[in-house]
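For the working numbering, add 27 to where a residue sits in the sequence shown, where the first one is 1. Ideal Cβ placement from N, Cα and C applies to all residues, glycine included. Read through the structure below, which is laid out as structure tokens, and then see the notes.
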Amino acid sequence: MKKRGFTLVEIMFVVAIIALLAAIAIPNLLKARKAANDAVAKTNLKTLATELETYAAGTGLAEYPADEAAFKAISAAATKYLSDTCKSAAGCGGFIYAGGSSIGPGGYTLTATPVSNQTGSATYTISTGGALTP
Numbered sequence: 028m029k030k031r032g033f034t035l036v037e038i039m040f041v042v043a044i045i046a047l048l049a050a051i052a053i054p055n056l057l058k059a060r061k062a063a064n065d066a067v068a069k070t071n072l073k074t075l076a077t078e079l080e081t082y083a084a085g086t087g088l089a090e091y092p093a094d095e096a097a098f099k100a101i102s103a104a105a106t107k108y109l110s111d112t113c114k115s116a117a118g119c120g121g122f123i124y125a126g127g128s129s130i131g132p133g134g135y136t137l138t139a140t141p142v143s144n145q146t147g148s149a150t151y152t153i154s155t156g157g158a159l160t161p
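Here is the structure:
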């Protein structure tokens, strides 16, 4: 009776091919995730800036909220992204958001800093008027 099956060499060849494909695919997936995190951070900052600009336009005095607490009181996005959770080392969506003392009647500056170099590629800042950098 003839036994059927794979030889050790054939199995090793298949494992080597799978390892090669994984070595190619995994870095590309990590780059895609980093790019997605960057896009979300920029969008979140633009949303916060839009809410601040809308508030300033609606007051008739062209003034922004007095501080971060006042901004959180009128904005669901601020409540989420300027919360203690998103300001902690864990961050939200791979970024740590900060506004703090940089929000006041005269203007604002908000930042999104990557938790690590694997969760984002740059620190993004948006300031009065909605100017986003880098």
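- If you draw a straight line from the Cα of G147 to the Cα of K61, it is about 5 Å long.
- A158 is bridged by DSSP to S154.
- Taking a contact to require three or more Cβ pairs closer than 8 Å, the region 69–77 and the region 149–160 qualify as touching.
- For T146, no beta strand (DSSP E) run applies, since DSSP gives it neither H nor E.
- For I130, same chain residues with a beta-carbon under 7 Å away, outside a window of 5 residues either side, are Y91, P92, D94, E95, F98 in chain order.
- Here the alpha carbons of T86 and K58 stand approximately 43 Å from one another.
- Contact between T138 and A158 is absent: CB atoms are separated by about 13 Å, not below the 8 Å threshold.
- Beta-bridge partners of T140 (DSSP): I123.
- Taking C-alpha positions only, N144 is separated from I51 by approximately 20 Å.
- When the Cα atoms are used, V42 and K29 turn out to be separated by approximately 26 Å.
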